[in-house]
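Oh and the sequence shown: position 48 is 48 in the numbering used here, straight run, nothing missing. We treat Cβ as the ideally placed atom computed from N, Cα and C, and that holds for glycine.
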Amino acid sequence: SRMAAEGKREELTWMHVIVRVFLNSTTHPIEYAKVLIQIGHEPLDPYKSRTIFGREAFYYPSVFGYIRHIKAKDGLWGCYRGLTPKLAANIVSGVAFQRVTEKIKFKDLDGEVAVEDLTPKQETQRFLQNTARESAGRAAAILVSQPFHVIAVRCMAEFVGGDEKYTGVVSSVTVIYQDNGIKGFFAGLIPRLLCDLGALWLGKTLAHLLNRYLVEDKDLKQYVGASMNVSKNCGFKSNVAFFYHLFY
Numbered sequence: 001s002r003m004a005a006e007g008k009r010e011e012l013t014w015m016h017v018i019v020r021v022f023l024n025s026t027t028h029p030i031e032y033a034k035v036l037i038q039i040g041h042e043p044l045d046p047y048k049s050r051t052i053f054g055r056e057a058f059y060y061p062s063v064f065g066y067i068r069h070i071k072a073k074d075g076l077w078g079c080y081r082g083l084t085p086k087l088a089a090n091i092v093s094g095v096a097f098q099r100v101t102e103k104i105k106f107k108d109l110d111g112e113v114a115v116e117d118l119t120p121k122q123e124t125q126r127f128l129q130n131t132a133r134e135s136a137g138r139a140a141a142i143l144v145s146q147p148f149h150v151i152a153v154r155c156m157a158e159f160v161g162g163d164e165k166y167t168g169v170v171s172s173v174t175v176i177y178q179d180n181g182i183k184g185f186f187a188g189l190i191p192r193l194l195c196d197l198g199a200l201w202l203g204k205t206l207a208h209l210l211n212r213y214l215v216e217d218k219d220l221k222q223y224v225g226a227s228m229n230v231s232k233n234c235g236f237k238s239n240v241a242f243f244y245h246l247f248y
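In structure tokens, the structure reads:
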């Protein structure tokens, strides 16, 4: 039964990886356009429109306008520049996170007691244990995926200058190593770790405090925790460490 359980866990891990690959492939043009916006690339002229109060104002095109511009310049396949290293980063980070969190076990309160049966002190202990475990998993995921992340961002940012130095994973590895050495593959690692783990602890702590002092309904407590997990993964940390991953 132990082997069956491990086989099932392995299957779920790879199913999770496949889903991540599919979603990241589908949304990559949007991510690509976001990178260009973040580095300040403004190839399209602003257009005049009106605010909700009727005043005239200039607006830059939406992300879909950027995607159309990329497609017009590089074709449909050009919208997927940097996809390969990005997928590699997502795969290795997902597997690393899964493996690390599975290996970390705590002697006390590691899921064997229902939440409603915990004392306030035990709730805090479980919160700290779970958050520490997830922090270790996130740190490992970021560490192993950072080289691919750096390559992906540089490939996408190269659209601006058109130097064609980062045409593939192998050529990108060669260029980065020649220019910056091994440390070039880990440019921006510290701020990325700080931002990711800071967002994790902030979200988890807020959820814990809300559930501890304000929310009494059991189902609502689960909703609060899930909402905090979603919010901390949706943009809170995406901009802060971004520029460290470029040509630093």
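| Asked | Found |
| --- | --- |
| Look at the alpha carbon of His41 and the alpha carbon of Thr174, and state the distance between them as a whole number of angstroms. | 26 Å |
| Tell me the residue span of the alpha helix (DSSP H) that contains Arg50. | Element bounds for Arg50: not the alpha helix (DSSP H) but the beta strand (DSSP E), 47-50. |
| Among Ala89, Leu197, Lys71, Pro43, which one has its Cα closest to the Cα of Tyr60? | Pro43 |
| Any idea which residues DSSP pairs Tyr59 with across the strands? | Tyr47 |
| Whole-angstrom Cβ separation of Ile176 and Val150, contact assumed at under 8 Å? | 7 Å |
| For Phe22, which of helix, strand or coil comes out of DSSP? | helix |
| Just checking, does the region 132-147 make contact with the region 178-197 on the three C-beta pairs under 8 Å criterion? | yes |
| By DSSP, does Gly198 sit in helix, in strand, or in coil? | helix |
| Kindly indicate which three-state DSSP category Tyr166 falls into: helix, strand or coil? | coil |
| For a test of the three-state rule: what should DSSP assign to Gly161, helix, strand or coil? | helix |
| Using only the alpha-carbon positions, how far apart do His28 and Pro46 sit? | 24 Å |
| Met15 by DSSP, collapsed to three states: which one? | helix |
| Specify the secondary structure class of Phe106 as computed by DSSP and reduced to three states. | coil |
| Tell me the DSSP secondary structure of Arg126 in three-state form. | helix |
| Please classify Ala72: is it buried, with 16 or more other beta-carbons within 10 angstroms of its beta-carbon, or exposed? | exposed |
| What is the C-beta distance between Phe58 and Lys48, in whole angstroms, given that I count them as a contact (C-beta under 8 Å)? | 6 Å |
| According to the neighbour-count rule (16 or more other Cβ atoms, all chains shown, within 10 Å of its Cβ), is Gly267 buried or exposed? | Here the chain covers residues 1 to 248 and nothing more, so residue 267 does not appear. |
| Between the alpha carbons of Ser93 and Ile18, how many angstroms are there, rounded? | 13 Å |
| Restricting to Cα atoms, I'd like to know which of Ser135, Val170, Ala157, Leu210 is closest to Trp201. | Ser135 |
| Can you tell me which of the three DSSP states Glu31 falls into? | helix |
| By Cβ distance, which residues of its chain are closer than 7 Å to Glu56, with the 5 residues on each side in sequence left out? | Lys48, Arg50 |
| If you run the structure through DSSP and keep just helix, strand and coil, what is Ala89? | helix |
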